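Notes for the one structure printed next.
2 protein chains.
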Amino acid sequence: MIDPDRALELVLEHARPLDPARVSISSAAQRILAEPILADRDQPPFDRAMMDGFAVRTEDAGKKVKVVDEVAAGGVPRQAVQTGHAIAVLTGAPCPDGTETVVPIEDARIEDTEANGPCVHLPSHLKAGRHVAAQGSECAQHSTVVPPGTSVTPIVASVMASFGRTDVLVVPRARASVIITGNETIAPEEVPQGGQIRDSNGTMLGGFLSQAGADVVSTTRAPDQLQDIVRALQEAERARGDIVVLTGGVSVGTYDLVPNALEQWGATIVLHKVKQKPGKPFLFATFGRRLVFALPGNPLSAHLGVHRYISPALRVMTGRQAQASIDRGHLTAPIPATGGRTRFLLARAKILASGRRSITMLPSRGSADIFGAASANAYIRVDPGATLGLEEEISFEWIDSSDA
Amino acid sequence: MIDPDRALELVLEHARPLDPARVSISSAAQRILAEPILADRDQPPFDRAMMDGFAVRTEDAGKKVKVVDEVAAGGVPRQAVQTGHAIAVLTGAPCPDGTETVVPIEDARIEDTEANGPCVHLPSHLKAGRHVAAQGSECAQHSTVVPPGTSVTPIVASVMASFGRTDVLVVPRARASVIITGNETIAPEEVPQGGQIRDSNGTMLGGFLSQAGADVVSTTRAPDQLQDIVRALQEAERARGDIVVLTGGVSVGTYDLVPNALEQWGATIVLHKVKQKPGKPFLFATFGRRLVFALPGNPLSAHLGVHRYISPALRVMTGRQAQASIDRGHLTAPIPATGGRTRFLLARAKILASGRRSITMLPSRGSADIFGAASANAYIRVDPGATLGLEEEISFEWIDSSDA
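Going down the list, the protein sequences come from chains C and B.
FYI, the numbering for the first sequence is 76 to 479, going by our numbering.
FYI, the numbering for the second sequence is 76 to 479, going by our numbering.
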């Protein structure tokens with residue numbers, strides 16, 4: 076049996092970022108940029124008024140000047156600002172040539188007489204450049220504004236929109252093929268007979284892989300027969316998945332045919348069996364550039380396999396760092412030592428108003444019991460022989476921090 | 076001007092969870108359950124073998140017993156286990172009547188002679204109930220397995236699948252109508268002329284609202300004319316959005332017509348102008364049960380408005396707690412005091428291998444500069460007059476912790 080840290084290392088040695096793909100801006104959310112975003116023009120493209128007010132010359136500080144024109148946002152100045160004159164500008168408008176500063180409307184006293192037309196009294200001190208964003212001050216034309224490797228957040232998407240980009244090169248989401256093995260499992264919408272149970276792993280995997288950055292492109296159900304599993308693998312091959320995920324049939328029993336089927340298909344088994352609980356029978360293989368993960372059929376063993384091995388691989392494949400979101404919190408109950416394997420325990424982490432995190436273990440009656448685990452949002456790791464005390468501060472990994 | 080904490084309180088006083096809606100399991104991901112999930116039958120539905128091995132009677136400990144039958148996963152036992160007999164069972168199979176324990180295949184010595192047929196030598200000590208998950212031990216038929224208020228994680232989805240659920244009652248995503256005001260803004264795919272700029276707020280809002288739990292059901296561009304804005308609001312009303320978000324036209328300038336348009340439409344203005352930087356002109360109103368948010372047109376002012384006011388409201392509307400994901404980290408540079416308004420600064424938070432978080436301020440040249448903010452994933456708050464030191468541990472809020 077292999078150590079869980081070494082197992083993760085071996086998986087990550089085979090995980091490579093996917094080839095970049097060009098996608099529309101709306102499909103690029105949360106993807107990683109595979110090209111720099113360059114400014115198509117100076118930003119701002121002109122000296123931009125940052126407040127509603129008056130474009131003036133600084134030498135007119137403390138004077139009364141005549142308002143000779145107005146530039147609306149989106150408009151074009153018709154004349155330059157001259158000494159003794161002001162041109163009204165709206166926030167976002169291009170400042171006229173000759174503008175040295177913009178006096179906000181609330182700092183100017185406006186006087187409108189029939190004889191002189193509109194005038195403004197300017198403050199006694201005017202600082203050059205105030206309330207004006209100079210052309211190119213945010214970024215110069217052709218400069219790199221966002222480097223490759225950046226995640227497409229809503230702000231990055233808005234940067235691309237401001238440059239008129241409609242598509243962009245990103246590291247795409249991965250394509251995943253799922254194979255559910257087992258004579259006893261039927262689809263969730265069927266009615267179980269005799270010893271049958273409804274498959275819950277397909278649903279769990281679909282949701283979890285989707286969150287981790289993969290789209291499920293094929294799902295196949297295969298009975299416990301070598302040739303059926305080989306056929307399912309060949310079908311996954313045709314679906315051109317970047318990863319193949321199997322559940323069930325991976326431990327040592329008579330019907331555990333997945334390792335044999337993988338070899339017959341032509342995969343190279345990299346590791347099989349990890350010194351961890353749950354999920355000991357975990358298997359990792361490669362098939363050309365494809366990564367193949369065979370998870371135990373027990374739902375919580377499968378869940379750990381996705382969290383601990385598939386998710387880090389998918390993060391690397393989608394251009395991110397392998398590491399999960401590690402956090403620290405305090406245990407609400409002690410965890411006694413047990414020997415042998417490294418344990419990964421599902422827990423409920425809660426962010427308290429102070430910013431402190433509390434971590435509560437969930438009751439579990441074994442690796443097939445998904446019911447006790449329904450409120451889990453975190454994993455904690457307990458090394459063999461380790462005892463963790465009440466209120467002890469420990470590291471944990473979020474599964475889903477949006478639900479804290 | 077209103078204090079930013081009081082402004083948030085006022086927004087939240089008007090935010091209510093949306094009416095529950097029935098959705099398919101595949102659309103329920105990350106929604107909050109509005110009904111309990113009940114077990115449709117005992118789980119396991121029968122005494123389930125947890126290992127590949129032999130179902131036997133404990134009184135046969137240390138003896139050699141005859142293997143008289145086999146039950147595959149998904150199969151049905153044909154006979155009960157008798158003293159002196161073993162029945163082979165596969166992981167997941169129903170145990171035959173009379174099973175007292177399952178002996179894993181690796182703990183049993185198998186002997187297969189032509190004369191006697193297959194036999195197994197059992198270990199000298201057998202504990203009743205080992206490697207058997209008793210019927211109903213995970214949950215009993217009709218019991219509540221997942222309470223309302225739980226987030227539909229992949230595990231919860233798999234629980235529903237195991238009960239054959241195809242739809243479920245959840246607090247749905249919100250419907251949002253977006254109105255972009257301003258004469259100067261054109262759609263991102265158009266080519267700017269004169270003083271025009273491409274609108275980037277629509278893209279930013281669409282992405283941000285989507286992450287925060289709202290689907291944009293209508294987007295309207297309105298020039299700076301009172302009647303155009305009123306018409307856009309009436310259009311939003313017909314789109315039956317739960318929230319309406321406007322950008323631009325909300326400060327005090329000549330063309331800032333949004334407050335007037337809201338009143339003419341029939342909205343009740345709850346608050347206008349918050350003692351914060353950026354985003355001072357923020358306005359919040361209601362129209363019947365709808366929440367209406369008017370954000371400044373400057374992109375970073377709009378961004379703060381979504382993060383600080385709209386997101387918490389959407390969390391409440393979608394059944395969650397209002398509070399954002401608060402965390403603590405250490406500053407990589409001091410932040411000098413400035414007076415007046417509470418500042419909300421965009422920052423880049425990084426999770427170090429130790430679990431410690433570093434927080435780096437981003438360069439910013441004002442609230443229209445989205446380029447310096449492209450790598451932001453967090454907000455920090457600086458109260459008026461406060462100075463924050465190098466390496467000081469402070470609270471911060473994640474915008475997106477998946478990008479750390």
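Heads up, the beta-carbon is just placed ideally off N, CA and C, and yes, glycines get one too.
All of these numbers come straight from a predicted model, not from anything done at the bench.
query	result
Suppose the cutoff is 7 Å on Cβ atoms and the five residues either side in sequence are ignored; what does the same chain contact list for B:L85 look like?	V345, L346, F359
Output the distance between the C-alpha atoms of C:V246 and B:H382, rounded to the nearest integer angstrom.	27 Å
Would you say C:E265 faces chain B, with C-beta separation under 9 Å as the test?	yes
Step through the CB atoms of chain B and report whether any lies within less than 9 Å of the CB of C:S237.	yes
Can you tell me where the alpha helix (DSSP H) holding B:M436 begins and where it ends?	No alpha helix (DSSP H) contains B:M436, which is instead part of the beta strand (DSSP E) from 432–436.
Below 8 Å CB to CB, which residues in the same chain sit around B:E467 once its five sequence neighbours on both sides are set aside?	H405, L406, P409
Alpha helix (DSSP H) containing B:G128: first to last residue?	Counting along the chain, B:G128 falls outside any alpha helix (DSSP H), though it belongs to the beta strand (DSSP E) covering 128–131.
Any C-beta of chain B sitting closer than 9 Å to the C-beta of C:L420?	no
Can you tell me the Cβ-Cβ gap for B:L83 and B:Y384, rounded? I've got them flagged as a contact below 8 Å.	6 Å
Quick one: which unbroken alpha helix (DSSP H) runs of 4-plus residues sit fully inside the stretch 373–432 of chain B? Chain order, please.	374–380, 386–392
Consult DSSP for B:Q157 and reduce its assignment to one of helix, strand or coil.	coil
Taking a Cβ distance cut-off of 8 Å, strictly less, list which residues of the stretch 436–456 of chain B are near chain C, in chain order.	R440, G441, A443, D444, I445, F446, G447, A448, A449, S450, A451, N452
Against chain C, does B:F121 count as a neighbour if the rule is that its beta carbon must be under 9 Å from one of theirs?	yes
Are the C-beta atoms of B:R153 and some chain C residue less than 9 Å apart?	no
Suppose only complete runs of 4+ residues qualify. What are the alpha helix (DSSP H) ranges in the stretch 211–245 of chain B, listed by chain order?	229–237
Apart from the five residues on each side of it in sequence, which residues of its chain come closer than 8 Å, Cβ to Cβ, to B:S470?	I401, D402, R403, I455, R456
Look at C:L108 and C:S218 and say whether their C-beta atoms are less than 9 Å apart.	no
Does DSSP put B:T278 in a helix, in a strand, or in coil?	helix
Measuring only the C-alpha atoms, how far is C:G149 from B:Q271?	4 Å
If you run the structure through DSSP and keep just helix, strand and coil, what is B:P263?	coil
For C:I185 and C:M125, what's the separation of their Cα atoms in angstroms?	19 Å
Less than 8 Å between the CB atoms is what I'm expecting for C:R123 and C:C170, so what's the real figure, rounded?	7 Å
Tell me which residues of the stretch 266–290 of chain C have at least one Cβ-Cβ distance to chain B shorter than 8 Å, keeping chain order.	V266, P267, G269, G270, Q271, I272, R273, D274, S275, N276, G277, T278, M279, L280, G281, G282, F283, S285, Q286
Apart from the five residues just before and just after C:A96, which ones in its own chain have a Cβ nearer than 6 Å to its Cβ?	P247
Leaving out five residues before and five after C:E310 in sequence, what residues of the same chain have Cβ atoms less than 7 Å from its Cβ?	S293, T295
Under three-state DSSP, which class holds B:A168?	coil
Hey, how far is the Cα of C:D182 from the Cα of B:A428?	51 Å
Cβ atoms of C:G341 and C:D260: under 9 Å apart, would you say?	In the sequence on display, residue 260 of chain C carries Thr and not Asp. Against a cut-off of 9 Å, the Cβ pair of C:G341 and C:T260 comes out as no contact.
Does any residue of chain B bring its CB to less than 9 Å from the CB of C:M125?	yes
Under a CB-based cut-off of 9 Å, is B:H347 close to chain C?	no
In the DSSP assignment, find the unbroken beta strand (DSSP E) run with C:R250 in it and report its ends.	249–256
Touching or not, the stretch 190–205 of chain C and the stretch 248–255 of chain B, by the rule of three or more beta carbon pairs under 8 Å?	no
So with Cβ pairs under 9 Å, would you call C:G380 a contact of chain B?	no
By the three-class DSSP mapping on this structure, what secondary structure does C:Q286 have?	helix
Thinking just about the alpha-carbon of each residue, which of B:P356, B:T278, B:A449, B:D475 is nearest to the one in B:I77?	B:P356
So what does DSSP say about C:H89, is it helix, strand or coil?	helix
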